[in-house]
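**Student:** For the protein sequence lines, the chains are S and B, in the order given.
In terms of the numbering used here, the first sequence is residues 26 to 490.
In terms of the numbering used here, the second sequence is residues 239 to 782.
Glycine included, C-beta positions come from ideal geometry on N, C-alpha and C.
On a predicted model such as this, the values are computed, not experimentally measured, just so you know.
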Amino acid sequence: MRKHLFLLIILMVSIIPLWVGCGSLEMKHPSQPVTLDLWHNYGGQLKNTMDEMIDEFNETTGAEQGIIINVTSISGSATLHEKLTMAANGDPGAPDLPDITTAYPKTALSLADKGLLVDLRDHFTPQELSAYIPEFLQEGRMQDDSLYVFPTAKSTEVLFVNTTIFNRFARETGASMDDLHTFEGIARTAALYYDWTDQQTPEVAGDGKAFFLPDSLFNYSLMGVIQLGSEFIRDDRIDTATPEFRKVWDYYYKLAVLGQAAIFDGYATDLAKTGDIVCSIGSTAGVSFFSPTVTYADNTSEPAELAILPYPIFEGGKKTAVQRGAGMSVIKSSPEKAQAAAVFLKWFTSPENNLRFVSSTGYLPVTEAAFGDLMSQEIEHTSDHNIRKLLQTCPLMEEDYEFYIPPLFEGIDQLQIRYESQFRDTASQSRDSYLDSLASSDSRSAYEAVSADAYQNFVDKLAGK
Amino acid sequence: MPLGIRLFLLLLVLVITIMLGVIAILIITGTFTAGVSESEKLVENELNHAAAEISQQYGELSVQTIEFSKQLSQNIEKTAQQLGVPIAKLEEHPDRLEEIIAAQFDQAYFSLQKSKSTGVFFILDATVNPRLNNANYSRAGLYLKNMEPNIISASTPNIIVFRGFPSIGRINSLSLDTQWKMEFDVRQAPYYHLPMEAARLHQELPLSRLYYWTPATTLPDTSDEVMICSVPLIDSQGNVFGVCGFDVSGMFFKLSHMPHQTVFNRLFCVLAPQTGSTLNLNQSMVSGGYSVRNIIQSNSPLIIKENKRSFYSYRQSNNSAFWGLHTPVRLYPEGSAFANEKWLAAVLIPEEDLVASVAKLNVLLISLLSILVLLGIGASLFISQRFLRPISKGLEIIKSDDLSRAPLTKVPEIDDLISYLATHNQELYESAREKNFSISILDEFVNNTDKLSPSERSVYNLYAQGYTAKEIADSLFLSINTIKTHTKHIYTKLNINSREELLLYVNLLEEISNYQESIADGVEPPENSSEKPTAVDCLPPFTQ
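Structure representation (structure tokens):
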């Protein structure tokens with residue numbers, strides 16, 4: 026009897042703490058939810074969609090499983106990259122890292138190097154991962170094949186054309202939209218557009234307007250060289266010695282110096298808002314950043330219709346376009362948070378939810394299922410004309426184009442910034458010189474004079490000579 | 239009812255009484271409602287902290303707005319004079335607006351960087367194109383937004399142009415906001431109209447009494463909620479020619495005043511305009527882990543109700559309910575043109591979260607009490623059984639044959655009783671043994687009488703009646719020698735030696751017979767009993 030009593034007491038003493046502590050043991054219970062701070066770069070019009078989806082998650086799956094997503098930062102992707110880097114380095118004044126963040130592979134790589142990211146392979150079964158488009162998953166794999174960036178919404182680059190302006194221009198000049206499928210065709214059209222706009226004000230000579238701007242000169246150069254069958258990056262450096270690179274470089278340089286392409290340190294949508302360009306290459310996700318109106322200097326405005334064409338190619342080149350778009354990374358903290366983050370990612374990328382996000386933002390879905398019939402259905406229900414056009418273009422590209430994953434190595438971020446700024450500076454200086462030279466020589470001679478040493482100067486400067 | 243059950247019930251009553259006492263003490267000391275009290279303390283601390291921070295932030299920003307207005311008014315007046323434009327006739331010189339506005343960029347930019355705000359703006363009472371249809375509500379100005387006010391040393395530009403000439407952005411390498419427009423649409427812009435009207439109405443009031451905080455609002459064609467502090471722009475002649483100010487975005491407020499969510503994950507803080515006893519969430523800034531989007535969309539205010547003992551309740555008509563506390567926040571000084579605008583800071587918890595928290599604590603308490611009651615019942619059962627065991631054992635021992643060799647129960651009283659009974663039994667045994675000895679001789683004597691022949695029995699009977707040998711010879715008509723022979727056989731068979739010894743046995747048997755009759759309470763022996771009383775019959779009952 027005494028022995029039984031002793032056992033009984035031991036049992037009771039053991040049960041009480043379990044009973045008391047059951048709240049903490051049950052990591053995901055609605056009454057004891059896990060709160061995950063989320064940073065994302067879906068600002069502007071994308072913010073509303075993101076807010077709605079997060080609220081829906083919090084009210085449904087989140088409420089059932091005790092997970093609350095709390096957005097604590099909405100920044101542009103460049104700012105987000107800087108914030109994450111500052112936070113990871115523990116810089117003074119830097120905020121604490123969130124639990125989930127949208128991150129480009131280059132950002133994730135620096136975080137992963139510091140051991141700050143969760144390997145998401147631990148939270149997804151191989152079967153679950155097989156539902157995602159392999160190339161999109163591949164972009165998030167780094168180091169020893171760890172999955173540090175989970176694809177949530179990817180993008181590629183396309184050509185945006187303001188058809189309100191283009192059609193007016195085409196009616197008078199005979200320009201054709203078909204020409205815009207190749208870079209060479211764009212160059213011909215840009216020259217035509219410059220002349221046409223110059224003629225609008227006969228009293229002012231040489232005030233033609235730029236037609237075209239690639240959002241990212243780095244991606245433009247990368248894809249141009251790849252399309253032409255060469256390599257842009259070799260041994261973690263830009264290979265400027267290939268004829269393909271020279272061709273791609275010359276293309277933009279010439280258009281820029283002649284004023285037919287814009288030289289601008291910012292997004293092309295800025296210039297599109299004021300009618301300062303007609304077409305631009307940019308991320309599909311940029312579609313929502315195009316203003317529905319164009320506002321001119323006298324504050325008059327007109328509606329801006331947008332056409333979305335596949336990424337242009339150099340004549341004779343392969344149909345290749347860059348694969349872009351941030352995924353989501355989970356910052357290491359506790360197993361409960363990592364598990365909760367995985368639940369959110371699964372919900373967010375389920376075909377229905379993913380398409381809902383995609384259909385109002387211009388991103389590409391990330392699962393095979395979402396790319397198929399579901400996407401066709403979604404296109405029909407999308408009220409935004411621009412996004413509908415985009416969703417019609419993307420499957421065509423998915424069919425005809427090869428998506429290229431940009432190389433990832435330490436320092437690519439700085440290399441990209443340096444390349445773009447030096448390319449712009451070179452073009453800008455040459456443009457100024459060209460305009461000066463026009464007073465004393467014709468256009469062809471002026472261009473030949475300013476461009477003679479420009480390429481070599483650029484290459485030397487990039488090489489740090 | 240067995241003694242064990244009686245004892246168990248007694249102990250059970252004791253256990254239940256103690257538990258009821260404990261529960262009574264817990265109720266009196268308020269332990270069952272301690273969860274509410276603790277939560278109230280937590281919310282009160284959060285509220286004090288949040289209200290102090292909000293007052294400080296908004297106070298500082300109000301002062302900066304006034305300073306900004308003073309300097310900007312002077313600078314604009316100076317620039318306009320240099321361009322030959324009278325400030326009172328700005329609208330007549332739309333072609334000069336871009337220059338005038340662009341000249342103020344530096345001041346606006348640095349004021350924004352210095353302030354704890356997410357945007358700086360100024361609006362002039364003029365439009366760049368008076369010929370347009372929207373000219374009567376389109377106003378020129380500049381609105382710069384700081385997308386990351388919390389990051390001090392950022393290499394990427396976080397300041398963008400939200401409203402204003404695009405050239406200003408391009409010259410200064412600032413992007414245009416996604417929702418950029420060249421001019422302000424002032425149709426529904428209290429931040430524009432109210433301070434200007436107040437300044438024109440109360441010309442005697444200084445700028446410090448003319449600034450105005452708009453309730454949280456979403457500017458046309460935008461998605462971010464902001465609160466705007468605006469103050470009139472007044473030239474040296476007292477002409478009101480526009481407004482300027484700062485904004486606080488919803489996200490900035492959220493990050494600046496995030497309550498500590500150690501206990502309640504969905505605790506949230508609001509800064510809201512107060513109308514009577516209602517609080518309007520769709521004009522509020524909100525910070526915390528609760529999404530009020532749905533509540534805001536329903537566009538129904540929260541009705542504040544005071545409770546007698548603790549939290550206030552904040553209930554919406556569609557039954558969304560919160561519990562929490564609030565305190566007034568002074569956004570305006572005494573004598574302000576907008577002193578009637580009441581604001582309050584509140585810290586709220588969704589009702590279901592508070593209920594769940596208190597219920598959890600009480601379930602825990604009740605569980606512990608239940609465990610204690612169960613332990614009490616178990617202990618009562620155990621103690622009652624342990625208590626009775628030596629008594630049962632004692633009884634077993636008492637019932638056993640040999641008390642003297644019984645083991646000790648280790649209960650002194652029972653051991654004493656057993657010891658006493660053992661001694662007493664021994665005495666009885668000794669006495670019985672003695673009686674048994676004599677009785678056994680009588681038994682033997684009685685048994686031997688059965689060996690007598692009929693002739694010898696006749697002689698024996700007469701001896702028993704007191705006859706002598708001679709009287710027996712006469713009575714039986716036998717010779718004295720025959721009688722002597724019978725007597726000799728009788729003595730031999732009955733194992734006696736004399737007539738006196740025989741008479742002693744006979745007398746003893748008669749006494750025993752008399753004793754038996756007396757203890758039988760006068761019950762007559764059965765009629766057919768021809769047997770003689772035996773020594774065994776005469777023995778006391780306890781020896782059987």
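So the candidates are B/S349, B/N384, B/V424; which of them puts its Cα closest to the Cα of B/S376?
**Tutor:** The residue with the shortest Cα to Cα distance from B/S376 is B/V424.
**Student:** Could you pull out every residue in the same chain whose Cβ sits closer than 7 Å to the Cβ of B/Y528, ignoring the five residues on either side in sequence?
**Tutor:** So the list reads R504, F506, P588, once near-sequence residues are dropped.
**Student:** Report yes or no: is there a C-beta of chain S within less than 8 Å of the C-beta of B/N503?
**Tutor:** So, interface residue.
**Student:** For S/E182, report the span of its beta strand (DSSP E) as first-last.
**Tutor:** Here the beta strand (DSSP E) through S/E182 covers 180-187.
**Student:** In chain order, which continuous runs of the alpha helix (DSSP H) of length 4 or greater are located wholly inside the stretch 205-248 of chain S?
**Tutor:** The stretch 205-248 of chain S contains these whole alpha helix (DSSP H) runs: 208-225.
**Student:** Relative to the C-alpha of S/D409, which candidate in S/G199, S/F382, S/F428 has its C-alpha closest?
**Tutor:** Of the listed residues, the one whose Cα sits closest to S/D409 is S/F382.
**Student:** Got a sec: is the Cβ-Cβ distance from S/F483 to anything in chain B below 8 Å?
**Tutor:** Chain B, which has no Cβ nearer than 8 Å to the Cβ of S/F483, makes this no.
**Student:** Applying the criterion that 16 or more other CB atoms from any shown protein chain within 10 Å of the CB defines a buried residue, is B/L742 buried or exposed?
**Tutor:** By the neighbour-count rule (16 or more Cβ atoms within 10 Å), B/L742 is not buried but exposed.
**Student:** Once the 5 residues before and after S/T407 are set aside, which same chain residues still bring their CB inside 7 Å of it?
**Tutor:** Counting only Cβ-Cβ distances below 7 Å, and skipping sequence neighbours, we find S384, R413, L416.
**Student:** Out of S/E153, S/T127, S/N83, state which residue places its alpha-carbon closest to the alpha-carbon of S/S102.
**Tutor:** It is S/T127 whose Cα lies nearest to the Cα of S/S102.
**Student:** Using the three-state DSSP reduction, which class does B/S551 fall into: helix, strand or coil?
**Tutor:** Residue state, collapsed to three classes: strand.
**Student:** I need the DSSP call for S/Y60, collapsed to helix, strand or coil.
**Tutor:** Note that residue 60 of chain S is Thr in the sequence shown here, rather than Tyr. In this structure, S/T60 counts as strand in the three-state DSSP scheme.
**Student:** Identify the continuous alpha helix (DSSP H) that holds B/S307 and give its terminal residues.
**Tutor:** It spans 272-320 - the alpha helix (DSSP H) in which B/S307 sits, taken as one unbroken run.
**Student:** Quick one: is S/S316 buried, meaning 16 or more other Cβ sit within 10 Å of its Cβ, or exposed?
**Tutor:** Flag for S/S316 reads buried.
**Student:** In whole angstroms, what separates the C-alpha of S/D170 from that of S/Y157?
**Tutor:** Computed Cα separation, rounded: 16 Å.
**Student:** Below 8 Å, can you find three or more Cβ-Cβ pairs linking the stretch 296-308 of chain S to the stretch 452-469 of chain S?
**Tutor:** Touching, no, given that fewer than three Cβ pairs across the two stretches are closer than 8 Å.
**Student:** Can you tell me whether B/L612 is buried or exposed, with buried defined as 16 or more other CB within 10 angstroms of its CB?
**Tutor:** By the 10 Å Cβ count, B/L612 comes out exposed.
**Student:** For S/E160, I'd like the list of residues in its chain whose CB is within less than 8 Å of its CB, leaving aside the five on either flank, ordered along the chain.
**Tutor:** Cβ within range, chain order: Q348, F428, I430.
**Student:** Output needed for B/A454: all residues of its chain with C-beta closer than 6 Å, excluding positions within five of it in sequence on either side, in chain order.
**Tutor:** Correct list, in chain order: E463, M465, Q521, S522, M523.
**Student:** Just the Cα atoms here: how many angstroms apart are B/A205 and B/T269?
**Tutor:** Since the displayed chain B opens at 239 and closes at 782, residue 205 of chain B lies outside it and no answer follows.
**Student:** Where do the ends of the alpha helix (DSSP H) carrying B/I609 lie?
**Tutor:** Segment 589-637, the alpha helix (DSSP H) holding B/I609.
**Student:** Between the stretch 442-462 of chain B and chain S, which residues of the former have a C-beta closer than 7 Å to a C-beta of the latter?
**Tutor:** Within the stretch 442-462 of chain B, the qualifying residues are S461.
**Student:** Looking at the unbroken beta strand (DSSP E) that takes in S/H410, where does it start and where does it end?
**Tutor:** From DSSP, S/H410 is part of no beta strand (DSSP E) but of the alpha helix (DSSP H) over 410-425.
**Student:** Name the chain S residues that come within less than 8 Å of B/M420, Cβ to Cβ?
**Tutor:** Per Cβ cutoff of 8 Å: T320, N324.
**Student:** As a quick exercise: from S/P120, S/Y173, S/A215, S/Y472, pick the residue whose alpha carbon is nearest that of S/A367.
**Tutor:** The residue with the shortest Cα to Cα distance from S/A367 is S/Y173.
**Student:** For the beta strand (DSSP E) that contains S/I93, what are its first and last residues?
**Tutor:** Run containing S/I93: 92-99, per the beta strand (DSSP E) assignment.
**Student:** Since S/V355 and S/L205 should fall inside the 8 Å C-beta cutoff, what is the C-beta to C-beta distance between them, to a whole number of angstroms?
**Tutor:** Contact flag wrong, Cβ pair sits at about 41 Å.
**Student:** Can B/I534 and B/S515 be called in contact, C-beta distance under 8 Å?
**Tutor:** No, they are not a contact pair.
**Student:** Terminal residues of the continuous alpha helix (DSSP H) containing S/Y278?
**Tutor:** Taken as a continuous stretch (DSSP letters only), the alpha helix (DSSP H) holding S/Y278 covers 268-282.
**Student:** Closer than 9 Å between beta carbons: that is the criterion. Which residues of the stretch 520-546 of chain B meet it against chain S?
**Tutor:** Those residues of the stretch 520-546 of chain B that come within reach of chain S (Cβ to Cβ, closer than 9 Å) are G526, G527, Y528, S529, R531, N532.
**Student:** Would you please state the rounded distance, in angstroms, between the beta carbons of S/D112 and S/D121? I believe it to be under 8 Å.
**Tutor:** Note that residue 112 of chain S is Ala in the sequence shown here, rather than Asp. That belief holds up - the Cβ atoms of S/A112 and S/D121 are roughly 7 Å apart, short of 8 Å.
**Student:** Would you identify the three-state DSSP class for B/I397, choosing helix, strand or coil?
**Tutor:** Residue state, collapsed to three classes: strand.
**Student:** What residues in its chain sit with their C-beta under 6 Å from that of B/F576, if we drop five residues either side in the sequence?
**Tutor:** Excluding residues within five positions, the ones whose Cβ falls inside 6 Å are Y450, Y570.
**Student:** Rounded to whole angstroms, what is the Cα-Cα separation between B/E749 and B/G632?
**Tutor:** For B/E749 and B/G632, the distance between alpha carbons rounds to 41 Å.
**Student:** Kindly identify the DSSP beta-bridge partner or partners of S/A310.
**Tutor:** None, per the DSSP bridge assignment.
**Student:** Tell me, please, whether the CB atom of B/M385 is closer than 8 Å to any CB atom in chain S?
**Tutor:** So, interface residue.
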